[in-house]
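Trainee:
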Amino acid sequence: MDQDKAGIARQFIQAIPHSRALNMRVELLGAGMAEISMPYDERLIGDPKSGVISGGAVSALMDTCGGAAVMSHPAAPASTATLDLRIDYMRAATPGQRITARAECYHVTRSVAFVRATAMDEDHENPVATATGAFTLERPKGGTT
Amino acid sequence: MTRRPPEPVQVIKQRRDAALSALVHGVPYLQFLGVEFERRGDELTAILTYDDKLIGNPMLPALHGGVTAAFLEATAIIGLSWSLIWDDLETGALDPRSLTPDALPRLPKTIDFTVDYLRAGLPRDAYARARVNRSGRRYASVHVEGWQDNRARLFAQATGHFLMPSRDD
Numbered sequence: 001m002d003q004d005k006a007g008i009a010r011q012f013i014q015a016i017p018h019s020r021a022l023n024m025r026v027e028l029l030g031a032g033m034a035e036i037s038m039p040y041d042e043r044l045i046g047d048p049k050s051g052v053i054s055g056g057a058v059s060a061l062m063d064t065c066g067g068a069a070v071m072s073h074p075a076a077p078a079s080t081a082t083l084d085l086r087i088d089y090m091r092a093a094t095p096g097q098r099i100t101a102r103a104e105c106y107h108v109t110r111s112v113a114f115v116r117a118t119a120m121d122e123d124h125e126n127p128v129a130t131a132t133g134a135f136t137l138e139r140p141k142g143g144t145t
Numbered sequence: 001m002t003r004r005p006p007e008p009v010q011v012i013k014q015r016r017d018a019a020l021s022a023l024v025h026g027v028p029y030l031q032f033l034g035v036e037f038e039r040r041g042d043e044l045t046a047i048l049t050y051d052d053k054l055i056g057n058p059m060l061p062a063l064h065g066g067v068t069a070a071f072l073e074a075t076a077i078i079g080l081s082w083s084l085i086w087d088d089l090e091t092g093a094l095d096p097r098s099l100t101p102d103a104l105p106r107l108p109k110t111i112d113f114t115v116d117y118l119r120a121g122l123p124r125d126a127y128a129r130a131r132v133n134r135s136g137r138r139y140a141s142v143h144v145e146g147w148q149d150n151r152a153r154l155f156a157q158a159t160g161h162f163l164m165p166s167r168d169d
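Residue numbers (the UniProt record's numbering), protein chains in the order written: chain R, 1 to 145; chain D, 1 to 169.
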């Protein structure tokens with residue numbers, strides 16, 4: 001993906017209303033890979049006793065990152081939507097730390113994209129969660145199929 | 001043999017609604033998403049009130065897939081917690097007045113959660129119900145169905161496994 005296209009894709013993702021609500025930031029994007037982070041936010045707490053971020057917020061980050069990886073794939077999809085997303089939670093994210101998701105679109109067929117993703121807090125050795133997903137892949141009209 | 005007269009209906013309702021409210025309103029993320037629960041007996045229906053910030057695809061527009069996942073997961077966790085406190089609540093072992101945001105029962109932890117997206121989430125309210133298929137001492141398996149206009153036309157469903165809160169903490 002060239003710089004202009006990457007810039008447009010970055011703006012596009014950061015303009016998604018729910019991504020904005022969670023203050024997501026695109027760190028890296030291109031060739032079927034995406035890295036998106038979001039800051040710790042008290043509004044997203046799922047366990048009031050510990051202050052740990054809700055699994056749902058981590059899911060939203062992973063889903064956004066997975067979709068971004070699909071959109072940045074060299075197949076240049078016109079659009080995508082999640083078909084299926086499975087998330088495994090390894091541990092609680094440490095309160096106060098930024099969460100970063102990294103997703104890879106590792107295979108595409110004519111109409112389906114396969115994605116795996118990992119979410120980390122500031123401890124990059126021990127993932128908070130991993131995910132695998134299948135996304136729809138809309139080919140651009142008039143493009144090769 | 002003397003039987004205790006049944007409790008007045010308002011006492012029962014007040015107790016159950018107070019416990020549910022404490023459970024739901026103690027979680028900041030549920031307030032952020034705009035999720036509330038309606039109760040009929042022990043049956044809960046989760047309601048996600050539409051808001052523009054829940055959109056993931058502004059072109060269609062459609063709800064964000066992450067919002068759908070979060071909504072169904074929240075429904076599963078609250079549904080499972082509710083089933084765990086129900087008996088204690090009804091026998092009087094748990095006093096709903098003791099349930100404050102600082103003194104809630106510990107919530108189950110998600111081990112894994114799989115969401116099946118069946119159709120685009122429309123920009124309007126969504127509903128969900130959880131069914132606890134298995135609730136053991138340590139693990140539980142919960143299925144959730146989400147719909148919008150028609151109960152029979154699900155827009156998403158999910159299954160998750162949960163680690164039960166330990167009894168003594």
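In this text, a Cβ means the ideal position worked out from N, Cα and C, and glycines have one as well. Nothing here was measured: the structure is a model prediction, and the numbers come from that model.
Helix, strand or coil: which one does DSSP assign to Q10 (chain D)?
Mentor: Taking the second sequence and counting its residues from 1, the one referred to as residue 10 (chain D) is at position 10. Note: Q10 (chain D) maps to helix in three-state DSSP.
Trainee: At a Cβ cut of 9 Å, what residues of the region 65-87 of chain D count as close to chain R, listed as they run along the chain?
Mentor: G65, G66, V67, T68, A69, A70, F71, L72, E73, A74, I77
Trainee: Over what stretch of residues does the alpha helix (DSSP H) that includes V35 (chain D) continue unbroken?
Mentor: Position 35 of the second sequence holds residue 35 (chain D). Segment 35-40 is the beta strand (DSSP E) holding V35 (chain D); no alpha helix (DSSP H) there.
Trainee: From A31 (chain R) to T100 (chain R), what distance separates their C-alpha atoms?
Mentor: Position 31 of the first sequence, counted from the start, is the residue given in the question as residue 31 (chain R). Position 100 of the first sequence, counted from the start, is the residue given in the question as residue 100 (chain R). C-alpha separation (whole angstroms): 19 Å.
Trainee: Going by beta carbon distance, what residues of the same chain come within less than 8 Å of T114 (chain D), once the five residues before and after it are set aside?
Mentor: Taking the second sequence and counting its residues from 1, one reaches residue 114 (chain D) at position 114. If we look at T114 (chain D) and ignore the five residues flanking it on each side, its Cβ neighbours are A158, T159, G160.
Trainee: Taking the alpha carbon of S141 (chain D) as the point to measure from, which residue in D:D125, D:T45, D:A76, D:I12 has its own alpha carbon closest?
Mentor: Counting from one through the second sequence, the residue named residue 141 (chain D) turns up at place 141. If we check each option's Cα against that of S141 (chain D), D:A76 comes out closest.
Trainee: For F12 (chain R) and S83 (chain D), I'd like the C-alpha separation in whole angstroms.
Mentor: Taking the first sequence and counting its residues from 1, one reaches residue 12 (chain R) at position 12. Taking the second sequence and counting its residues from 1, one reaches residue 83 (chain D) at position 83. The alpha-carbon atoms of F12 (chain R) and S83 (chain D) are separated by roughly 42 Å.
Trainee: For N23 (chain R), does the count of other Cβ atoms within 10 angstroms reach 16, so buried, or fall short, so exposed?
Mentor: On the first sequence, residue 23 (chain R) is found 23 positions in, with the first residue counted as 1. That one is exposed.
Trainee: Check the C-beta distance from M38 (chain R) over to S72 (chain R) and give it rounded, since I have them as a contact under 8 Å.
Mentor: In the first sequence, counting from the first residue as 1, residue 38 (chain R) sits at position 38. In the first sequence, counting from the first residue as 1, residue 72 (chain R) sits at position 72. Actually they do not touch by this definition, with Cβ atoms about 18 Å apart.
Trainee: Buried or exposed: where does R151 (chain D) fall if 16 or more other Cβ atoms within 10 Å of its Cβ makes it buried?
Mentor: Indexing the second sequence from 1 puts residue 151 (chain D) at position 151. Per the 10 Å Cβ criterion, exposed.
Trainee: Where do the N-terminal and C-terminal ends of the beta strand (DSSP E) with E35 (chain R) fall, by residue?
Mentor: Within the first sequence, the letter at position 35 stands for residue 35 (chain R). That run of the beta strand (DSSP E) goes 33-38.
Trainee: Suppose you measure from the CA of S50 (chain R) to the CA of P95 (chain R); what does that come to, to the nearest Å?
Mentor: On the first sequence, position 50 is the one that residue 50 (chain R) refers to. On the first sequence, position 95 is the one that residue 95 (chain R) refers to. Going from the Cα of S50 (chain R) to the Cα of P95 (chain R) covers about 8 Å.
Trainee: Just checking my contact of I55 (chain D) with P17 (chain R) at CB under 8 Å: how many whole Å lie between their CB atoms?
Mentor: Numbered from 1 along the second sequence, position 55 holds the residue referred to as residue 55 (chain D). Numbered from 1 along the first sequence, position 17 holds the residue referred to as residue 17 (chain R). Contact flag correct, Cβ pair sits at about 4 Å.
Trainee: Output, in chain order, the set of chain R residues within a Cβ distance shorter than 9 Å of Y139 (chain D).
Mentor: Position 139 of the second sequence, counted from the first residue, corresponds to residue 139 (chain D). In chain order: nothing, as chain R lies at least about 13 Å away.
Trainee: Excluding the 5 residues flanking G79 (chain D) on each side, which residues of the same chain have their C-beta closer than 7 Å to its C-beta?
Mentor: For the purposes of this step, residue 79 (chain D) is identified with residue 79 of the second sequence, where counting begins at 1. For G79 (chain D), where only same-chain residues beyond five positions count, the Cβ hits under 7 Å are L44, A130, V132, V142.
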